[in-house]
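Numbering (this note's numbering), first residue to last: 10 to 441. Cβ atoms here follow ideal geometry from the backbone N, Cα and C, with glycine treated the same way. The structure appears below as structure tokens.
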């Protein structure tokens, strides 16, 4: 049967962990078994590239980047509401060719894929999933693929950084790094770690590999989504150099990607540098941490996904699309401030382990429209040892109330991820 029939066990599990299982119990019906006309037009006319996930021979998800050889939109057609015809050119280092060859050797199985059509200039995005029903290689690196779509859903524009793109067909792709089987003691090259830290957008590949007892009602499928933030929102563990931490911001609460990871603990990340056309492909084992487990890794971040890289490839000058010269990205107003890993914070990270102290606001002096002095009285018998110039981390949740869920907030977008915590500089402190 085409289309989904409910949330699969992994999706239900992660929704339950976050107390979303009640409100979202029937939200699976938002996912259409075919593409609305709006999506078909969008994919056919608006896209410069299509991130598409698939599995390698070891069952690891990778995210390919499909684009026309001339870098222009129009490389996708939609003959019917359940099919997309894609004519594209790939390059050495992209996982498409090897994953396709893996499927050819197991042609009795479906070549499962998922994609996300994203128009960076307008913040529009529409997801799809299904399988490849036909592939023709029409040149050394040129392919035609027919995609059968049985899952389609539109996504919100949050966390998408606006970019103006232009075709750039004069590429000379070069594989700079490639290690498909990373050892336990191996680290990512420093250049790639910095590439990750500089990114403001990643494409997240996932898979749901159904066990026999679940396959009839909840058949296996792939996932692909976009995650965005400010440059540096994705972190890399300094201690091992290959564990990537992807914080999860407030979203639509469907948790499809995280549900896949909950059930099948693997994930892929694909990162694009839009001024050079360089593409970094990563895959690895993955786990989603919630509550105290997440806070132990990244203070103030209550949910995150940790991906330990088991394979990677980095290709320079690959994507036949570029950010228009002399333009800069327009950052999403929803993206929260950067959070560091506890191990990146050194001694400062220990602040989050200390017992908190309650303080009482005694006086406010307004100095200018943007500057004020707040005077606090420490509540309790134990004195607070702090000196001028040091920082005080203040949690206003008890005063303002815990933030409730809101999907969008056009008049105050930063409020969506506001944790009610502020860090202020101490200008004066009485001796304890």
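Under 8 Å: do the region 257–269 and the region 282–293 share three or more Cβ pairs, one atom per stretch?
no
Note down, one range per segment and in chain order, each alpha helix (DSSP H) of at least 4 residues found wholly within the region 292–352.
301–306
Considering only residues of the same chain and omitting the five flanking positions on each side of residue 49, which have a CB-CB separation below 6 Å?
Counting from one through the chain shown, the residue named residue 49 turns up at place 40. Correct list, in chain order: 87.
With DSSP run on the structure shown, which of helix, strand or coil describes residue 10?
As a first step, residue 10 is located in the chain shown; it is residue number 1 there, counting from the start. Below a pLDDT of 50, predicted positions are generally treated as unreliable, and residue 10, at 45, falls in that range; no measurement from the model is reported.
Check residue 193 in the structure and name its three-state DSSP category.
Counting from 1 along the chain shown, the entry for residue 193 is found at position 184. If DSSP states are grouped into helix, strand and coil, residue 193 belongs with coil.
At which residues does the beta strand (DSSP E) containing residue 143 begin and terminate?
In the chain shown, the residue the question calls residue 143 occupies position 134. 133–146 is the extent of the beta strand (DSSP E) around residue 143.
Under a Cβ-count criterion, where at least 16 other Cβ atoms within 10 Å of its own Cβ denotes burial, should residue 25 be classed as buried or exposed?
Translated into the one-based positions of the chain shown, residue 25 becomes position 16. Result: exposed.
Find the nearest neighbour of residue 16 within the set 274, 153, 37, 70, judged by alpha-carbon distance.
On the chain shown, residue 16 is found 7 positions in, with the first residue counted as 1. For the options 274, 153, 37, 70, the alpha carbon positioned closest to that of residue 16 is the one of 37.
Give me the Cβ distance between residue 256 and residue 197, rounded to the nearest whole Å; I'm assuming they're in contact under 8 Å.
In the chain shown, counting from the first residue as 1, residue 256 sits at position 247. In the chain shown, counting from the first residue as 1, residue 197 sits at position 188. About 19 Å; that fails the 8 Å criterion.
Using a threshold of 8 Å, state whether the C-beta atoms of residue 311 and residue 305 are closer than that.
Locating residue 311 in the chain shown gives position 302, where the first residue counts as 1. Locating residue 305 in the chain shown gives position 296, where the first residue counts as 1. Contact flag unset, no.
Cβ neighbours of residue 96 in the same chain (closer than 6 Å, five flanking residues each side left out)
As a working mapping, residue 96 is identified with position 87 in the chain shown. If we look at residue 96 and ignore the five residues flanking it on each side, its Cβ neighbours are 84, 153.
What are the start and end residues of the beta strand (DSSP E) that includes residue 432?
Along the chain shown, one-based indexing puts residue 432 at 423. Taken as a continuous stretch (DSSP letters only), the beta strand (DSSP E) holding residue 432 covers 430–434.
Can you name the residues that DSSP bridges to residue 171?
Position 162 of the chain shown holds residue 171. Note: residue 171 sits in a beta bridge opposite 339.
Taking just the CA atoms, how far does residue 51 sit from residue 329?
Here residue 329 refers to the residue found at position 320 of the chain shown. Here residue 51 refers to the residue found at position 42 of the chain shown. Near 20 Å, if we compare the C-alpha coordinates of residue 51 and residue 329.
So which of 399, 175, 108, 164 has the shortest CA-CA distance to residue 130?
The sequence position of residue 130 within the chain shown is 121, counting from 1. Comparing Cα positions, the closest option is 175.
Between the alpha carbons of residue 13 and residue 215, how many angstroms are there, rounded?
Here residue 13 refers to the residue found at position 4 of the chain shown. Here residue 215 refers to the residue found at position 206 of the chain shown. Whole-angstrom Cα-Cα distance: 17 Å.
Checking 8 Å against the spacing of the C-beta atoms, do residue 70 and residue 275 come in under that value?
Within the chain shown, the letter at position 61 stands for residue 70. Within the chain shown, the letter at position 266 stands for residue 275. Less than 8 Å separates the beta-carbon of residue 70 from that of residue 275.
Spatial neighbours of residue 90 in its chain, beta-carbon cut-off 6 Å, leaving aside the 5 residues before and after:
As a working note, residue 90 is residue 81 in the chain shown. Contacts found: 43, 44.
Which parts of the region 12–70 are runs of the alpha helix (DSSP H), unbroken and 4 residues or longer, counting only runs that do not cross its ends?
Restricting attention to alpha helix (DSSP H) runs no shorter than 4 residues, the region 12–70 encloses them at 18–26, 46–54, ordered along the chain.
Per DSSP, cross-strand counterpart(s) of residue 219
Against the chain shown, residue 219 aligns to sequence position 210. Answer is none; residue 219 lacks a bridge partner.
Since residue 123 sits in a beta bridge, which residues does DSSP pair it with?
As a position in the chain shown, residue 123 is number 114, starting the count at 1. Partner(s): 62, 138.
Would you tell me roughly how many angstroms separate the C-alpha atoms of residue 430 and residue 402, rounded to the nearest one?
Reading the chain shown from its first residue, position 421 is the one you call residue 430. Reading the chain shown from its first residue, position 393 is the one you call residue 402. Spanning the alpha carbons of residue 430 and residue 402 requires a straight line of approximately 7 Å.
Same chain, Cβ closer than 8 Å to residue 226, five either side skipped, listed in chain order:
Against the chain shown, residue 226 aligns to sequence position 217. Correct list, in chain order: 14, 15.
Same chain only: Cβ atoms within 6 Å of residue 173, ignoring 5 sequence neighbours per side
Here residue 173 corresponds to residue number 164 of the chain shown, with the count starting at 1. So the qualifying residues of the chain are 130, 333, 336.
May I ask you to report which of helix, strand or coil DSSP gives residue 273?
In the chain shown, counting from the first residue as 1, residue 273 sits at position 264. The answer is coil: DSSP assigns residue 273 none of H, G, I, E or B.
Skipping 5 residues on each side, what residues in its chain have a beta carbon closer than 7 Å to that of residue 234?
Here residue 234 refers to the residue found at position 225 of the chain shown. These residues qualify, in order along the chain: 125, 136, 213, 266.
Does DSSP classify residue 204 as helix, strand or coil?
Position 195 of the chain shown, counting from 1, holds the residue named residue 204. Helix at residue 204.
Contact check, residue 162 vs residue 39, beta carbons under 8 Å
Here residue 162 corresponds to residue number 153 of the chain shown, with the count starting at 1. Here residue 39 corresponds to residue number 30 of the chain shown, with the count starting at 1. For residue 162 and residue 39, yes; Cβs fall inside 8 Å.
Backbone CA spacing between residue 158 and residue 143 [nearest angstrom]
Numbered from its first residue, the chain shown carries residue 158 at position 149. Numbered from its first residue, the chain shown carries residue 143 at position 134. C-alpha separation (whole angstroms): 13 Å.
Assuming residue 118 is part of the beta strand (DSSP E), what are its boundary residues?
Here residue 118 corresponds to residue number 109 of the chain shown, with the count starting at 1. Where residue 118 is concerned, there is no enclosing beta strand (DSSP E), given that its DSSP letter is neither H nor E.
C-beta atoms of residue 68 and residue 218 nearer than 8 Å
Residue numbering aside, residue 68 sits at position 59 when the chain shown is read from its first letter. Residue numbering aside, residue 218 sits at position 209 when the chain shown is read from its first letter. Yes, these two residues count as a Cβ contact at 8 Å.
Three-state secondary structure assigned by DSSP to residue 263
For the purposes of this step, residue 263 is taken as the residue at position 254 of the chain shown. Coil, per DSSP.
Sub-8 Å separation of residue 320 and residue 188 beta-carbons
Here residue 320 is taken as the residue at index 311 of the chain shown, counted from 1. Here residue 188 is taken as the residue at index 179 of the chain shown, counted from 1. In contact: residue 320 and residue 188 (Cβ atoms closer than 8 Å).
Can you check DSSP and say which residues form a bridge with residue 92?
Translated into the one-based positions of the chain shown, residue 92 becomes position 83. BP columns for residue 92 point to 89, 157.
DSSP three-state label for residue 77, please.
As a first step, residue 77 is located in the chain shown; it is residue number 68 there, counting from the start. Looking at residue 77 - three-state DSSP - the assignment turns out to be coil, as it is neither helix nor strand.
Neighbour-count burial assignment, residue 10, 16 or more Cβ in a 10 Å radius
Taking the chain shown and counting its residues from 1, one reaches residue 10 at position 1. For residue 10, the predicted structure reports a pLDDT of 45, less than 50, and the residue's modelled location is therefore unreliable. A value from the coordinates is still provided. Per the 10 Å Cβ criterion, exposed.
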